[in-house]
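Below is one structure, written out as structure tokens, with a few remarks after it.
As structure tokens, this is what we get:
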């Protein structure tokens, strides 16, 4: 018998007898009797009927554990973790977003809290001749040779977040913020809802594997409904989603608890089960099919930029898409590269923790792959994955991206506190929920200003950071400008251990590293799958060999 079981029997017997003995009209004596009786009833249930081991061994008091556990994340955030150790966003990063969103002081005092000699720490070298970035180079043009309606985009934009995953008020605030900031807002795979369209902010319409917003009663692609939506002036670009960084190979998930009648109508789905999109887009089962779908959507949309989004896994499979581009002559206008560190409302732990290539590595690979097949000048690269500061933005641009999408930090700008309850429908700030009472907490007008402020202040810092390096145009950033602390304690340039691919080297049998050659030889335009046969080794070992 545990101590708490013994205490239970003492309260159930002696405690109740004493409470009855001293019972009077005194409120204190009545409260004592109520306490002992309740303790006895709850404890008896725990001992005899509870399915929890803790309750059987520690009747009644086990509930204290459950209560404290329910606030574990908040206790960790507020009282235990320091400013730089939390994941996915630490206190320093969250505070920076909040300060810039509120347009208040975002400086720090007394020096950095980071260990500047930490292994893999990233940094920059400044110039003694800082420059000012001109307004003329602060927009990026999207639209390849087959595009008749090009689009001028901001360096920082709002990444894919669906209505359903986020509340209506959150979507409205993001879109209104995008309009005020002059950036685009990706709809997410849930389709372009009325809340995305309400305020007139520029939209990138994402077509996920569920084909929400352009599917028929059987769930197949419906070109007529796609064309109607795609030709709306507010839709600036179309993005085909192949995979997502937080759960590549899994498909999207909208929990049943968050599916309202309105969402079911917008997506054309049932309400009695989780909305699980297939892992493979039914219109894009091979690289050639993907590119044919790109061309079809471009034509149906009236010539708007069309691209696709993916998380890089086996490099050979992306090179298969590149081979298909060469064989078909069809190129996307952009490729969104999602990093494995990206976030989502719901995903299996193993998928989030173990699958995919991180954003910086993936962007650098895609950039070099497109150079190697001679298509880099026709295709823009969008980097998506954990961007909280202007340095995060700069690093992705330097490694090869043209623009950057941010999702979770835009949620933080709305008031998200990283409670990590996105998949429960019980978001404490009304951002990631379909509970009308919780969603009302978001004031659309006020929060849209915070989105605009965060966007504006982050870009201002970004341009200042670029200028501090002696550059007057972010397009002049190069991978070697990002310095990484090596395991030996010395600084080295990012990408220095991987030889960049020379222009057209993949298609003209140029000089290639062993990895590139094996990946290129093993990929096919007719199928995505390629065997993972290359033995990755430390570059030092390869050079010694």
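Residue numbers (our numbering): 184 to 728. Here a beta-carbon is modelled for each residue, glycine too, at the ideal position from N, C-alpha and C.
Asked	Found
Where does the unbroken beta strand (DSSP E) through residue 388 begin, and where does it stop?	386-390
For residue 715, which of helix, strand or coil comes out of DSSP?	coil
Using CA coordinates, which residue listed in 638, 202, 593 is at the minimum distance from residue 213?	202
Determine the direct distance from the alpha carbon of residue 683 to that of residue 698, and round the result to whole angstroms.	12 Å
Are the beta-carbon atoms of residue 316 and residue 575 separated by less than 7 Å?	no
Whole angstroms is fine: what's the gap from residue 501's alpha carbon to residue 475's?	16 Å
Is the beta carbon of residue 359 less than 7 Å from the beta carbon of residue 370?	no
Thinking C-beta only, is residue 439 closer than 7 Å to residue 456?	yes
Tell me which same chain residues have a C-beta within less than 8 Å of the C-beta of residue 444, skipping the five on either side of it?	454
For residue 470 versus residue 392, is the C-beta spacing smaller than 7 Å?	no
Counting C-beta neighbours from all protein chains within 10 Å, is the total for residue 251 16 or more, i.e. buried, or is it exposed?	exposed
Which residue wins for smallest C-alpha separation from residue 590, given the options 446, 550, 507, 428?	428
Name the DSSP bridge partner or partners of residue 307?	665
How long is the line joining the alpha carbons of residue 527 and residue 186, rounded to whole angstroms?	44 Å
By Cβ distance below 7 Å, which residues in the same chain neighbour residue 434 in space, the five residues on each side in sequence not counted?	392, 459, 460, 461, 462
Straight-line CA distance for residue 237 to residue 609?	26 Å
Assign residue 617 to buried or exposed, taking buried as 16 or more other Cβ atoms, counted over all protein chains shown, within 10 Å of its Cβ.	buried
Looking at the secondary structure, which residues open and close the alpha helix (DSSP H) in which residue 489 lies?	From DSSP, residue 489 is part of no alpha helix (DSSP H) but of the beta strand (DSSP E) over 489-494.
Here's a check: name, in chain order, each residue in its chain whose Cβ is nearer than 7 Å to the Cβ of residue 535, leaving out the five neighbours to either side.	429, 430
Could you compute how far the alpha carbon of residue 198 sits from the alpha carbon of residue 242?	15 Å
Residue range of the alpha helix (DSSP H) that residue 424 falls in?	First-last for residue 424: 418-424, but that is the beta strand (DSSP E), not the alpha helix (DSSP H).
What does the alpha-carbon distance come out to for the pair residue 647 and residue 657?	10 Å
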